[in-house]
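K.L.:
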């Protein structure tokens, strides 16, 4: 339940702030905004204020702002109706769209004045006027005097139509959504620092390797325990955070890495894999054999191991670090072992039997490593300063990562297969949202900031159906000095829509592949509960 609520919270904020950007600038430009919706599909809740209907719709994966003139409407829109006029008495309202006047070929008239002049030629006739109001059709039978007190426009002449705005106004309306997503971290990160956020201390420490995974890319390249990474490519690195970012930016490629080993500088050439940073090549930081979390229902919980316990010996073997300890336990499935544990200056003895993990059958006792964390919590004014600084750094970091990733795809440094596997979907976002929410409001807001920046940048890509696609249309219009034809727009948007649907299904497939085991476990538990 926490995961679902956290996911809706994250998506809700991102969609609201994005659509609010479009909405506010459209209003500022004088465009008629007909709908502001959080979500797509069937209306769940809603109200109308002024000319705009505000909605919450059934599908939460997005939202929209509907502006008159976006879709090439072929109708006349009633802008104003004078109080007490014949038009008001006949039932006409501002915002009504005249779809058809029976017996009159309205579409041959390009302006309202032309249509009005034609109708005035026979003022005594009764007309059946087909209107669209709140997406419903209705018919009003009225004499020709309904023209009195009514001001209407065709799409071509309506000054409040989106399509009739100057190109600068349309550009501002389009980019306002992504820009609001860029602004959001500057609002959230100060709150994060006021609440207090924990970060792993090792990320700010010098990148000294504590473990090289057997048969990994790092081992094949010649990395060894104790190596200090000092340069990746041509860039100096000073912390694990910088190392991680460097590897994330260069997936599926070959990098020259300089390490300091025993006073000497050695250059190693390593082939990177996915965009998961140091995890993808098989190196990790120095990590002592100290217990972090103890998982409920596991052997460690049953025998009484506690957070902070340091494992110093297993079956008479001295333990130097977490990796040595984990290696021993993995190979002791269903075999009782003796642990010597240091706790508050005392050495305690525990007998424990590792159980096989479901995914690989290796032994485990149910503990996670203890990682020192730095808590960053400041007062009001410093939180604002640090929050703005952190938001700016996060924007730069995410931007560099995304466009480096795209550049590597275009230049062939990353295969399409590897790129496809890197795409994450709603299930992963929901999972991380839930994990962040369980840790507190600060991690949840920090994650929301990260996703907001990604959403902004992806939306600015020149793909039809995205905001970046609309920016591309406007640039083409600026160069050609006339807009693209409606037919061209429709074809390009169908292509863009098909591409986005493909990406969406690919993302969901990747998510299911990642969580296949946990999904099956959840289904089995549900089946058992229903028996």
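Residue numbers (my numbering): 1 to 531.
Just so it is clear, CB atoms sit at the ideal spot from N, CA and C, and this is done for glycine as well.
(1) Mapping the DSSP letters down to three states, classify residue 39 as helix, strand or coil.
(2) Is residue 317 helix, strand or coil when you go by DSSP?
(3) Provide the residue(s) that pair with residue 131 in DSSP beta bridges, ordered along the chain.
(4) Which two residues bound the contiguous beta strand (DSSP E) that contains residue 291?
(5) Just reading off the alpha helix (DSSP H) that residue 432 is part of, what are its end residues?
(6) Check whether the segment 79 to 93 touches the segment 147 to 165, counting contact only when three or more Cβ pairs, one atom from each stretch, lie closer than 8 Å.
(7) On the DSSP bridge assignment, give the partners of residue 234 in chain order.
(8) What residues match up with residue 337 in a beta bridge as DSSP calls it?
(9) Relative to the C-alpha of residue 408, which residue among 247, 172, 179 and 309 is closest?
(10) Please report the residue range of the beta strand (DSSP E) in which residue 365 lies.
(11) Counting along the chain, where does the alpha helix (DSSP H) carrying residue 383 start and finish?
(12) Quick one: any contact between the segment 158 to 175 and the segment 51 to 71, if contact means 3 or more CB pairs under 8 Å?
(13) Taking one C-beta from the segment 285 to 305 and one from the segment 251 to 260 each time, how about it: are there three or more such pairs within less than 8 Å?
(14) Hey, which unbroken runs of the beta strand (DSSP E) at 3 residues or more fall wholly within the segment 45 to 82?
(15) Is residue 344 buried or exposed, if buried means 16 or more other CB atoms sit within 10 Å of its CB?
(16) Starting from the C-beta of residue 452, find all residues in its chain whose C-beta is less than 7 Å away, skip the five residues before and the five after it, and write them out in chain order.
(17) Per the contact definition of three or more C-beta pairs closer than 8 Å, is the segment 198 to 206 in contact with the segment 366 to 384?
(18) Looking only at C-alpha atoms, which of 469, 36 and 394 sits nearest to residue 245?
(19) Any chance you could list the alpha helix (DSSP H) runs of at least 4 consecutive residues sitting entirely within the segment 149 to 199, in chain order?
(20) Beta-carbon within less than 8 Å of residue 520's beta-carbon, same chain only, minus the 5 sequence neighbours each way: which residues are those?
(21) Straight-line CA distance for residue 314 to residue 211?
(22) Terminal residues of the continuous beta strand (DSSP E) containing residue 283?
(23) Within this structure, are the beta carbons of residue 497 and residue 465 separated by less than 7 Å?
(24) Buried or exposed, going by whether 16 or more other CB atoms sit within 10 Å of the CB of residue 347?
(25) For the segment 436 to 445 against the segment 126 to 144, do three or more pairs of beta-carbon atoms, one drawn from each stretch, fall closer than 8 Å, so that the two count as touching?
(26) Could you round the C-beta distance between residue 483 and residue 477 to whole angstroms and report it? I think they count as a contact, below 8 Å.
(27) Okay, do the segment 328 to 343 and the segment 383 to 400 touch, 3+ Cβ pairs below 8 Å being the bar?
(28) Looking at the structure shown, is residue 299 part of a helix, part of a strand, or coil, going by DSSP?
(29) From the DSSP output, in three-state form, read off residue 27 for me.
(30) Consult DSSP for residue 254 and reduce its assignment to one of helix, strand or coil.
(31) Within 10 angstroms of its Cβ, does residue 334 collect 16 or more other Cβ (buried), or is it exposed?
(32) Assign residue 346 to one of three DSSP states: helix, strand, or coil.
(33) Name the two residues that bound the continuous alpha helix (DSSP H) containing residue 113.
(34) Where does residue 445 sit, in a helix, a strand or coil, going by DSSP?
(35) Give me whichever residues DSSP pairs with residue 212 in a beta bridge.
(36) Going by Cα to Cα distance, which pick from 240, 503, 502 and 470 is closest to residue 488?
P.N.:
Let me spell this out:
(1) By one-based count along the chain shown, residue 39 stands at place 39. Reduced to three states, the DSSP call for residue 39 is strand.
(2) Here residue 317 refers to the residue found at position 317 of the chain shown. Three-state DSSP puts residue 317 in a strand.
(3) Looking up residue 131 in the chain shown gives position 131. As computed with DSSP, residue 131 is found in a beta bridge with 98 and 138.
(4) Position 291 of the chain shown, counted from the start, is the residue given in the question as residue 291. That run of the beta strand (DSSP E) goes 291 to 294.
(5) Numbered from 1 along the chain shown, position 432 holds the residue referred to as residue 432. In this chain, the alpha helix (DSSP H) harbouring residue 432 covers 426 to 439.
(6) Touching, per the Cβ criterion.
(7) Translated into positions along the chain shown, residue 234 becomes position 234. Within the DSSP bridge table, the entry for residue 234 names no partner.
(8) Counting from one through the chain shown, the residue named residue 337 turns up at place 337. DSSP lists 352 as the beta-bridge partner residues of residue 337.
(9) As a position in the chain shown, residue 408 is number 408, starting the count at 1. Taking residue 408 as reference, the option from 247, 172, 179 and 309 with the minimal CA-CA separation is 247.
(10) Against the chain shown, residue 365 aligns to sequence position 365. From DSSP, residue 365 is part of no beta strand (DSSP E); its letter is neither H nor E.
(11) Position 383 of the chain shown, counted from the start, is the residue given in the question as residue 383. Taken as a continuous stretch (DSSP letters only), the alpha helix (DSSP H) holding residue 383 covers 380 to 410.
(12) Yes, the segment 158 to 175 touches the segment 51 to 71.
(13) Segments in contact, no.
(14) Segments of the beta strand (DSSP E) lying fully in the segment 45 to 82: 52 to 67 and 76 to 81.
(15) Your numbering for residue 344 matches position 344 in the chain shown. The C-beta of residue 344 has fewer than 16 other C-beta atoms within 10 Å across all chains shown, which makes the residue exposed.
(16) Position 452 of the chain shown holds residue 452. Within the same chain, 14, 181, 184 and 185 come within 7 Å of residue 452 by CB-CB distance, once the 5 residues on both sides are set aside.
(17) Under the Cβ criterion (8 Å, minimum of three pairs), the segment 366 to 384 counts as touching the segment 198 to 206.
(18) To locate residue 245, count along the chain shown from 1; it is residue 245. Closest option to residue 245, Cα to Cα, is 394.
(19) The segment 149 to 199 is shown to contain whole alpha helix (DSSP H) runs of 4 or more residues at 167 to 195, in chain order.
(20) Indexing the chain shown from 1 puts residue 520 at position 520. Confidence in residue 520 is poor, its pLDDT being 44 and thus under 50, which makes the residue's placement too unreliable to answer from.
(21) Residue mapping note: residue 314 aligns to position 314 of the chain shown, counting from 1. Residue mapping note: residue 211 aligns to position 211 of the chain shown, counting from 1. The C-alpha of residue 211 is placed about 19 Å away from the C-alpha of residue 314.
(22) In the chain shown, residue 283 corresponds to position 283, counting from 1. Residues 283 to 285.
(23) Here residue 497 is taken as the residue at index 497 of the chain shown, counted from 1. Here residue 465 is taken as the residue at index 465 of the chain shown, counted from 1. Result yes, Cβ atoms of residue 497 and residue 465 sit closer than 7 Å.
(24) Here residue 347 refers to the residue found at position 347 when the chain shown is read from its first residue. Residue 347 sits exposed, since fewer than 16 C-beta atoms from the chains shown fall within 10 Å of its C-beta.
(25) For the pair of segments examined, the segment 436 to 445 was found not to touch the segment 126 to 144: the number of CB pairs separated by less than 8 Å stays below three.
(26) Numbered from 1 along the chain shown, position 483 holds the residue referred to as residue 483. Numbered from 1 along the chain shown, position 477 holds the residue referred to as residue 477. Their Cβ separation, rounded to whole angstroms, is 5 Å, which keeps residue 483 and residue 477 in contact under 8 Å.
(27) Note that the segment 328 to 343 does not touch the segment 383 to 400; fewer than 3 beta-carbon pairs, one per stretch, sit closer than 8 Å.
(28) The count along the chain shown starts at 1 and reaches residue 299 at position 299. Correct three-state label for residue 299: helix.
(29) For this step, residue 27 is matched to residue 27 along the chain shown. Note: residue 27 maps to helix in three-state DSSP.
(30) Here residue 254 is taken as the residue at index 254 of the chain shown, counted from 1. Here residue 254 sits in strand by DSSP.
(31) Translated into the one-based positions of the chain shown, residue 334 becomes position 334. That one is exposed.
(32) Residue 346 sits at position 346 when you count from the first residue of the chain shown. The answer is strand: DSSP assigns residue 346 an E or B state.
(33) Residue numbering aside, residue 113 sits at position 113 when the chain shown is read from its first letter. 112 to 119 is the span of the alpha helix (DSSP H), which, as asked, contains residue 113.
(34) Indexing the chain shown from 1 puts residue 445 at position 445. Helix.
(35) Within the chain shown, the letter at position 212 stands for residue 212. Paired residue(s): 283.
(36) On the chain shown, position 488 is the one that residue 488 refers to. When only C-alpha atoms are compared, the closest one is 470.
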